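Q: Below is one structure. I have some questions about it.
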Amino acid sequence: MVLFNEIERLNRINYLIKHRATGTPDEFASKLRISRRQLFNLLEFFNDIGAQVKYDRTRGTYYYYDGFDFEITVNVDGRRRFL
Numbered sequence: 001m002v003l004f005n006e007i008e009r010l011n012r013i014n015y016l017i018k019h020r021a022t023g024t025p026d027e028f029a030s031k032l033r034i035s036r037r038q039l040f041n042l043l044e045f046f047n048d049i050g051a052q053v054k055y056d057r058t059r060g061t062y063y064y065y066d067g068f069d070f071e072i073t074v075n076v077d078g079r080r081r082f083l
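Using UniProt numbering, the first residue of the sequence shown is number 1, and each one after it goes up by one.
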């Protein structure tokens, strides 16, 4: 299902940024199997929702400047489901 795939992608991006395991923009896009342009659009989305995503050139990874985190959950049949 497309919605669940997008939620999983956002959670993966969050995980990689939180753990400073993104690599360069090209590596990050490759890990997500998307283009660089799509990656930059998604990073802009994160910034729009309040995350301050920065790039550390020395370490070659993205990180949250402000310790941002989020969680997406879905309620299915009255039960909360974490993706």
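Even for Gly, the Cβ is constructed at its ideal location relative to N, Cα and C.
Keep in mind the model is a prediction, meaning the values are calculated, not measured.
Is it right to say V74 is buried, meaning 16 or more other beta carbons lie within 10 angstroms of its own, or is it exposed?
A: So V74 ends up on the exposed side.
Q: Just list the residues that DSSP pairs V53 with in beta bridges.
A: The partner list for V53 (beta bridge, DSSP) reads Y64.
Q: By how many angstroms is the C-alpha of N47 removed from the C-alpha of Y65?
A: Straight-line Cα distance between these residues: approximately 11 Å.
Q: Got a sec? Which residues, its chain only, sit under 7 Å from F68 by beta carbon, not counting five neighbours each side?
A: Closer than 7 Å at Cβ, skipping near neighbours: G50, A51 and Q52.
Q: Kindly indicate the opening and closing residues of the alpha helix (DSSP H) around S30.
A: P25 to L32 is the extent of the alpha helix (DSSP H) around S30.
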